[in-house]
RNA sequence: GUCCCCAUCGUCUAGAGGCCUAGGACACCUCCCUUUCACGGAGGCGACCGGGGUUCGAAUCCCCGUGGGGACGCCA
């Protein structure tokens, strides 16, 4: 049978890391088996669903490249279908009207909780051959409840957690349509999974408790029961549960925070799933390897350090044109131009972004940091005061002046620059850093950079000498 | 409270009864490289929650604890 999986978020917020991983696993499973991946928006909670949230989810999936074969289907556009099924179930006696008011149910729940019982519907309106139903109140619009079996157990072989067994006595008759006639979550899921021919339901394990109810309804509808795979949750970096109040962020936030989607995908893939010792792999490999057997049933803690490590890897690997495009956008966001125009106060030629990235990508693990680190090529840096004080001292002025004179005459390559500095430190019998460090601070504004000769080569002769002279013209301490 | 789930280095994990003196990765530490900071390379530290079984043999199977989590909505 053809594999059909689905991702079914409710649009009440952005696509967070847990949702993204669920989508990724569902997507990969379909890809692996040559099946279809379906996107379904579960928006039956009209109060909390928003179009912005729908868009945020779509954006998140688009960024990660999680393309779907069918959908997005919106449940609110399928109301007529649900109503038909609802009527069928009432006619068949597998669902019934319930006139218990919200207030009444609340009192019931309170009493049960007080008695240490599991809060549940008492079956007041459940039709039964052996009992007569109370008279129907005029002023209460009824909800529809599913007539859950009273005995027996629901069993399924969870693809990640193994066999799970829940007694029907633990379940009550859940509401499948509200008083206003709109169907509820558990019911819509059942109808949709059935009608959309879903073969594997891969979702968060907060749904484990819904599964027996859904299976019972599926059975009542005469549907084939799909296989279920319940993924455990992802904890925050601090081991705490992720929530709106605590630590949960949109996947798009990772983009803003300087992460490559390749790193996020690879990281997410390894969170709760493994393929032997494989740590670094692309999505094509992932789709080939992916299986449900190697998913850990226990919760996983998010680890930013490891994400950073993967990010560093992919910054080195990613296509240079794409990297330049990304960094250019990040620089542009801070009004730094990189394409041929000189920034204000910096009259000389500027190096190509790609050549700069070629030198700098090796040492970066974050795109924002990378953009920040290379900004000095495109605008005058504001030097770190402590570095200036430490490295640019009056005693280096003669050496620096003489170096500038030499540099002015040479062909501007890293090798030639290096040779000049070397000749200078040799003749003066000083250590290389004695010259390299002040140069670094003068040129880049900081005491950290790649080989200073390579930085200078990229900066260009005029600009490099100009920056050095700015300091030589000052009174140095 | 009731039901369900989970439990290997700090973290992500390998592990399907003997291949385990428990492997890999991130982080951390040391050394090397070096022109600073990184990158990179080589090492190191570091775990089977506890107790009972089953078995010739248990990280692995079973039971009981303990700890953590989830669910108990006219939310999804």
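Numbering (the numbering used here), first residue to last: 284 to 760.
Glycine included, each C-beta is placed from N, C-alpha and C at the ideal position.
Would the region 368-385 count as touching the region 427-442 if we require 3 or more Cβ pairs under 8 Å? yes
In chain order, each beta strand (DSSP E) run of at least 3 residues that lies wholly inside the region 465-526: 483-487, 510-514
Which residues share a DSSP beta bridge with residue 439? 447
Do the region 699-706 and the region 748-757 touch if we need at least three Cβ pairs shorter than 8 Å? no
Here's the rule I'm using: 16 or more other beta-carbon atoms within 10 Å means buried, otherwise exposed. How should residue 736 be labelled? buried
Return the chain-ordered ranges of every beta strand (DSSP E) run that is complete within the region 331-383 and spans a minimum of 3 residues. 353-357, 378-381
If you compare alpha carbons, which of 290, 372, 634 is closest to residue 505? 372
Just tell me which of 581, 644, 653 has its CA closest to the CA of residue 613. 653
Below 8 Å on the Cβ atoms is my guess for residue 601 versus residue 642; work out the distance and round it to an integer in Å. In fact, because the Cβ distance is near 15 Å, the residues do not count as touching under 8 Å.
CB-CB under 8 Å to residue 351, same chain, minus the five flanking residues each way: which ones, in chain order? 290, 310, 320, 321, 322, 344
State the CB to CB distance for the pair residue 662 and residue 619, rounded to an integer number of angstroms; the pair is presumed to be in contact (CB under 8 Å). 6 Å
If you draw a straight line from the alpha carbon of residue 490 to that of residue 463, how long is it in whole angstroms? Approximately 25 Å between the Cα atoms of the pair.
Could you tell me the distance, in whole angstroms, from the CA atom of residue 516 to the CA atom of residue 487? 7 Å
As an exercise, report each continuous alpha helix (DSSP H) stretch of at least 4 residues that is fully enclosed by the region 678-723, in chain order. Within the region 678-723, the runs of alpha helix (DSSP H) at least 4 residues long that lie entirely inside it are, in chain order, 680-692, 697-711.
Which of helix, strand or coil does DSSP assign to residue 624? Note that residue 624 scores 49 on pLDDT, short of 50, meaning its location in the model is unreliable and no value can be drawn from it.
Alpha carbon to alpha carbon, how far is residue 392 from residue 453? Approximately 15 Å, taken between the alpha carbons.
Please look up how many angstroms separate the CB atoms of residue 729 and residue 670, rounded, as I've assumed it's under 8 Å. 6 Å
Within its chain, find whatever has a CB closer than 6 Å to the CB of residue 630; leave out the 5 residues flanking it on each side and keep chain order. At residue 630, the pLDDT of 49 sits below 50, so the modelled position is not reliable; the number obtained from the coordinates is stated separately. Excluding positions up to five away in sequence, the list is empty.
Determine the closest residue to residue 328 out of 315, 313, 293, 340, with distance taken between C-alpha atoms. 293
Backbone secondary structure at residue 596 - three-state DSSP: helix
Distance check for residue 501 and residue 434, CA to CA, integer angstroms please. Rounded to whole angstroms, the gap between the alpha carbons of residue 434 and residue 501 is 17 Å.
Judging by CA-CA distance, which residue of 581, 545, 459, 285 is the nearest neighbour of residue 317? Out of 581, 545, 459, 285, 285 has the C-alpha closest to the C-alpha of residue 317.
Apart from the five residues on each side of it in sequence, which residues of its chain come closer than 7 Å, Cβ to Cβ, to residue 305? 290, 485, 486, 487, 514
Need the endpoints of the alpha helix (DSSP H) that residue 749 sits in, please. 744-755
Can at least three beta-carbon pairs, one atom from the region 438-455 and one from the region 400-408, be found at a separation below 8 Å? Taking 8 Å as the limit for Cβ pairs, the verdict is that the region 400-408 does touch the region 438-455.
For a quick check, are the C-beta atoms of residue 818 and residue 589 less than 8 Å apart? Because the chain spans 284 through 760 in this model, residue 818 falls outside it and cannot be assessed.
Got a sec: does the ligand ZN put a non-hydrogen atom nearer than 7 Å to the Cβ of residue 349? The ligand ZN is not among the ligands present in this structure, which contains no ligands whatsoever.
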